[in-house]
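In what follows, a structure is listed as structure tokens, so that the remarks can point back to it.
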Amino acid sequence: MAFEPQEPITLTNLPPFAQRMRDAADVVWEEGYRQPFIRELGAGTLPRDTFAFYLIQDELYLNDYAKVHALAVTKTDDNEVMVFMAQVQHAIFHVEKTLHNEYLASFGITAQDMRDARQSAFARAYTANMLATAYGEDLIDILVAVLPCAWVYADYGQRLAREFAGTLDSNPYRSWIDTYRTDEFWQSSVWLIEHIEAIAATLDEPRKRRLIEHFVRGVEYEYMFWASAYDHQMSWRPEWNGLAD
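UniProt numbering numbers the first residue of the sequence shown as 1 and each following residue consecutively.
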């Protein structure tokens with residue numbers, strides 16, 4: 001579908017460069033939605049210990065995600081960008097972490113457990129890539145690096161809410177789905193897409209292709225984050241999982 005600029009940006013009404021990124025990532029994006037972790041989460045059948053593994057990794061991820069947004073402030077003098085980055089950090093610590101803390105407590109995971117936790121190899125690769133981008137690249141690269149997380153979660157949250165609408169009331173993971181299905185959460189993606197679109201319009205084609213590569217890589221990391229959680233996989237090979245303990 002052609003972009004309708006007079007209409008709001010939605011999951012199905014994307015400006016040209018955003019559509020290019022989404023099309024490039026489509027295979028892994030759709031495979032991500034079909035993978036067991038997401039399917040069982042939507043159905044409410046995901047094992048509790050698997051979700052607990054994911055929660056711990058996501059809690060560690062959010063700490064680095066917040067740092068990336070803090071570093072983005074150093075790459076700009078635009079007050080609007082700086083305010084947005086501060087708002088994202090506020091949402092991480094006062095919205096997403098509130099949800100996490102409720103879940104963690106319900107699983108008996110304590111603050112000490114979190115202090116002792118370590119990142120899986122896949123989560124560490126994801127956050128290391130984002131932090132390296134934040135330290136060494138331009139603002140546009142940082143915006144593209146953080147977009148997959150915001151966009152994929154919004155898309156999957158909305159799709160799960162529609163697909164499993166009939167069983168959401170009894171789904172133990174309903175609050176997770178409810179958090180990411182909202183238009184309020186989607187608006188963070190809209191802000192990123194709008195600013196990426198404006199900057200991308202000033203760039204040459206080779207630079208745009210590099211940004212698209214960065215975006216696809218981020219979507220691949222999202223896939224691996226959930227896949228490794230489903231398998232409780234801490235290291236690149238399952239038999240290495242306990243070697244650092």
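Positions of the beta carbon are idealized from the N, C-alpha and C atoms, including for glycine. Bear in mind that the values here come from a model prediction, so they are computed numbers and not experimental data.
**Request:** Over the uninterrupted alpha helix (DSSP H) stretch that includes residue 28, give me the two end residues.
**Result:** For the purposes of this step, residue 28 is identified with residue 28 of the sequence shown, where counting begins at 1. Residues 26-34.
**Message:** Spatial neighbours of residue 28 within its chain, please: C-beta separation below 6 angstroms, excluding the five flanking residues on both sides.
**Reply:** In the sequence shown, counting from the first residue as 1, residue 28 sits at position 28. If we look at residue 28 and ignore the five residues flanking it on each side, its Cβ neighbours are 219, 220 and 223.
**Item:** Option in 33, 150 and 62 with minimal Cα separation from residue 184
**Value:** The residue labelled residue 184 in the question sits at position 184 within the sequence shown. Checked all of 33, 150 and 62; the closest Cα to residue 184 is 150.
**Message:** If contacts are defined as beta-carbon pairs under 8 angstroms, then residue 11 and residue 158 qualify, I think. What distance do you get, rounded to the angstrom?
**Reply:** Along the sequence shown, read from residue 1 onward, the residue named residue 11 stands at position 11. Along the sequence shown, read from residue 1 onward, the residue named residue 158 stands at position 158. Yes, residue 11 and residue 158 are in contact; Cβ-Cβ is about 7 angstroms, under 8 angstroms.
**Reduced DSSP category for residue 10 - H, G, I as helix; E, B as strand; rest coil** = Numbered from 1 along the sequence shown, position 10 holds the residue referred to as residue 10. Correct three-state label for residue 10: strand.
**Asked** Applying the criterion that 16 or more other CB atoms from any shown protein chain within 10 Å of the CB defines a buried residue, is residue 148 buried or exposed?
**Response** For the purposes of this step, residue 148 is taken as the residue at position 148 of the sequence shown. With 16 or more other Cβ atoms within 10 Å, it is buried.
**Asked** With 16 other CB atoms within 10 Å as the buried threshold, where does residue 120 fall?
**Response** Your numbering for residue 120 matches position 120 in the sequence shown. With 16 or more Cβ atoms within 10 Å of its Cβ, residue 120 is classed as buried.
**As assigned by DSSP and simplified to three states, the class of residue 109** = As a working note, residue 109 is residue 109 in the sequence shown. Coil.
**Prompt:** With a Cβ-Cβ cutoff of 9 angstroms, do residue 141 and residue 214 count as a contact?
**Reply:** By 1-based counting over the sequence shown, the position of residue 141 is 141. By 1-based counting over the sequence shown, the position of residue 214 is 214. In this structure, residue 214 lies closer than 9 angstroms to residue 141 by Cβ.
**Prompt:** What is the rounded straight-line gap between the Cα of residue 4 and the Cα of residue 225?
**Reply:** Residue 4 sits at position 4 when you count from the first residue of the sequence shown. Residue 225 sits at position 225 when you count from the first residue of the sequence shown. Approximately 34 angstroms between the Cα atoms of the pair.
**Request:** Return the CA-CA distance between residue 63 and residue 6, expressed in angstroms with no decimal places.
**Result:** Here residue 63 is taken as the residue at index 63 of the sequence shown, counted from 1. Here residue 6 is taken as the residue at index 6 of the sequence shown, counted from 1. Approximately 37 angstroms, taken between the alpha carbons.
**Request:** Alpha carbon to alpha carbon, how far is residue 167 from residue 136? Give it in angstroms, no decimals.
**Result:** The residue given as residue 136 occupies position 136 in the sequence shown. The residue given as residue 167 occupies position 167 in the sequence shown. Taking the straight line joining both Cα atoms gives about 46 angstroms.
**Item:** Burial state of residue 170 (16 or more Cβ within 10 Å)
**Value:** Against the sequence shown, residue 170 aligns to sequence position 170. That one is exposed.
**Message:** Is it the case that the region 89-105 contacts the region 11-27, given that we only count it when at least three CB pairs across the two stretches are under 8 angstroms?
**Reply:** no
**Prompt:** Would you call residue 57 buried or exposed, if buried means 16 or more other Cβ atoms sit within 10 Å of its Cβ?
**Reply:** Taking the first residue of the sequence shown as position 1, residue 57 is located at position 57. Residue 57 comes out buried.
**Asked** Thinking just about the alpha-carbon of each residue, which of 234, 229 and 200 is nearest to the one in residue 19?
**Response** Taking the sequence shown and counting its residues from 1, the one referred to as residue 19 is at position 19. Residue 200 is the option with its Cα nearest to residue 19.
**Message:** Taking only three categories from DSSP, how would you classify residue 46?
**Reply:** The count along the sequence shown starts at 1 and reaches residue 46 at position 46. Reduced to three states, the DSSP call for residue 46 is coil.
**Nearest-angstrom Cα separation, counted from residue 130 out to residue 234** = One-based indexing of the sequence shown puts residue 234 at position 234. One-based indexing of the sequence shown puts residue 130 at position 130. Approximately 19 angstroms between the Cα atoms of the pair.
**Message:** Between 236, 237 and 232, which has its C-alpha nearest residue 36's C-alpha?
**Reply:** Along the sequence shown, one-based indexing puts residue 36 at 36. Measuring from the Cα of residue 36, the nearest candidate turns out to be 232.
**Request:** Can you give me the Cβ contacts of residue 82 inside the same chain, cut-off strictly under 6 angstroms, excluding the 5 residues immediately before and after it?
**Result:** The residue given as residue 82 occupies position 82 in the sequence shown. Same-chain partners within the cutoff: 73.
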